[in-house]
Every structure is written in structure tokens, then in C-alpha cells.
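Numbering (our numbering) for the sequence shown: 2 to 212.
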Amino acid sequence: MKDAQVVRFFSQAFKLVVCLLTFYFGAAQAADFGLQLGVGQSKANQADKSVLAGLPSGTLQNLDDSDTALSLSLHWQWLERLDLELGYQNLGDASVDLSTQTLTPAQYHQAVQRLTPVLGDGLYTGVRIGLWQQQHWRLQLPLGLMAWQSDIDSSMNGTTLHSKTDGTDLYYGLALQYLPNAHWATGVGWQQIALEPEDVRVLQLTLSYRF
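Spelled out as C-alpha cells, the structure:
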């Protein structure tokens, strides 16, 4: 993940926390909500490689479809086994390396846009459904929607083209947590985000604090 992405994550996360705390302090009792920080890895499914059929052999040099993923969310316990969540997630950057020796600028830019895996960042909101809880362990099913955007830049012979992709798509997953006391929780989470271009899988370690 680039330094600019890290700065963007903390900038967006700070704005989110300020807005959410302002709202929820007025709307809910303090014991009803908490914050969660997640750090892990995102990985996109295979990009559309059908475009390679029209390109010379050996054009694709390298394809990087994974990066560091960061998330920050606020959870509000609505029912005993149902939490509402609202958060910001940065899935990092993906990249593709193509040989330019046999490509025209038009072919190069088209191939970069179609082959670069979509990661990006955005806001998400949904529910966490409690599936199982025993002593200090808890298993939840996160389910909701993510409004995301992804930027792709390609440069060749001094010419840079910029394209932007965005959308609102479904996410779902599983989250296992260990709760040593009433406030703190650590855990591991798996999340599948069904972005319109391709699915993205996220594995994260999480740290939560309930007020």
C-alpha cells in the first residue's frame, strides 16, 4: 500500500469517526456501540485476461492483484445478536506490467484498464448477525453494501490516461472474535466483496473496543 493510500485511509477514517461519534453519542447509550480496526490483505479474483488474445505473446510481464487492506468501523448493538455497522475500508492498489515494445499507445492503455485488478476504497454499511457465542468466543456473519471507487492510471511515451470505476455492491463474510472482557475483543475475519468487475477477498486481524 502506497503512502498516499495510508494517508487517505486515516484521513477518511478520522472524518468517519468524528461524524459517527457525534451522531451516536446523541442517539444511543454509550454501552451500545464500539469501534473496530482491521488490518490484513485484499486479493482480487483473476482480471479479464481475454484481452490478451488480441495481444502479442509475452505482453503480460507481471500482474499484482493483492495489497494491504485497512478498515475502521463503528458497530451499534441493536438486538442481542444483531449489530449495525458503518465503516470505511481501503483495499489498497493493484497493478499490471505490460511490455510496450509491440503495443501501440491505444492497445497499451486499453490492456492496462482491462487487466488491472480492481481494489479501491469506500464506505460500507450493513449488519452483523450473531451465529454462535460461548463463553469468551463469538462468531458473526457480516452482510451489507459497500460504495466503492477505484482509480487506474496508465503511462506510455509521456502520455498518461486516467480512468475511474465505482459502484455499490454486496459484501458478506465470517468474523470470529475472542472477548477477554466486556470491552476488548480480538479476532480474525474473512470477507468477500462482490465488486461488479470482479470479486475481492479480504482476510483481516481485528481489534475492537466496546464503550
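Positions of the beta carbon are idealized from the N, C-alpha and C atoms, including for glycine.
Here the structure is a predicted model, which means the values were calculated and not measured.
Is residue j closer than 8 Å to residue i when the C-beta atoms are compared?
i, j, result
"residue 155", "residue 109", "yes"
"residue 90", "residue 72", "yes"
"residue 41", "residue 201", "no"
"residue 190", "residue 39", "yes"
"residue 210", "residue 35", "yes"
"residue 179", "residue 188", "yes"
"residue 113", "residue 64", "no"
"residue 143", "residue 192", "yes"
"residue 99", "residue 160", "no"
"residue 123", "residue 82", "no"
"residue 101", "residue 157", "yes"
Taking the beta carbon of residue i as the centre, do at least 16 other beta carbons fall within 10 Å, making it buried, or is it exposed?
i, result
"residue 197", "exposed"
"residue 86", "buried"
"residue 76", "buried"
"residue 116", "buried"
"residue 1", "Here the chain has residues from 2 to 212 only, and residue 1 is not among them."
"residue 207", "buried"
"residue 43", "buried"
"residue 183", "exposed"
Can you give the beta carbon distance from residue i to residue j, rounded, assuming they're within the 8 Å contact cut?
i, j, result
"residue 136", "residue 176", "That belief does not hold up - the Cβ atoms of residue 136 and residue 176 are roughly 17 Å apart, past 8 Å."
"residue 195", "residue 170", "5 Å"
"residue 74", "residue 134", "Not really, about 20 Å apart at Cβ, beyond 8 Å."
"residue 199", "residue 128", "At roughly 25 Å, the Cβ-Cβ gap does not stay under 8 Å, so residue 199 and residue 128 are not in contact."
"residue 147", "residue 125", "4 Å"
Where do the ends of the beta strand (DSSP E) carrying residue i lie?
i, result
"residue 211", "200–211"
"residue 163", "160–179"
"residue 103", "Note, residue 103: premise wrong, no beta strand (DSSP E); not H, not E."
"residue 1", "Since the first residue of the chain shown is 2 and the last is 212, residue 1 is not available in this structure."
"residue 186", "185–195"
"residue 120", "Premise fails: residue 120 is in no beta strand (DSSP E) and is neither H nor E."
"residue 91", "83–91"
"residue 98", "96–99"
Over what stretch of residues does the alpha helix (DSSP H) that includes residue i continue unbroken?
i, result
"residue 137", "Note, residue 137: premise wrong, no alpha helix (DSSP H); not H, not E."
"residue 75", "Element bounds for residue 75: not the alpha helix (DSSP H) but the beta strand (DSSP E), 67–80."
"residue 113", "106–116"
> Just checking, does the region 100–110 make contact with the region 138–152 on the three C-beta pairs under 8 Å criterion?
Replying inline: As far as the Cβ criterion goes, the region 100–110 does not touch the region 138–152, which means the pair count is below three.
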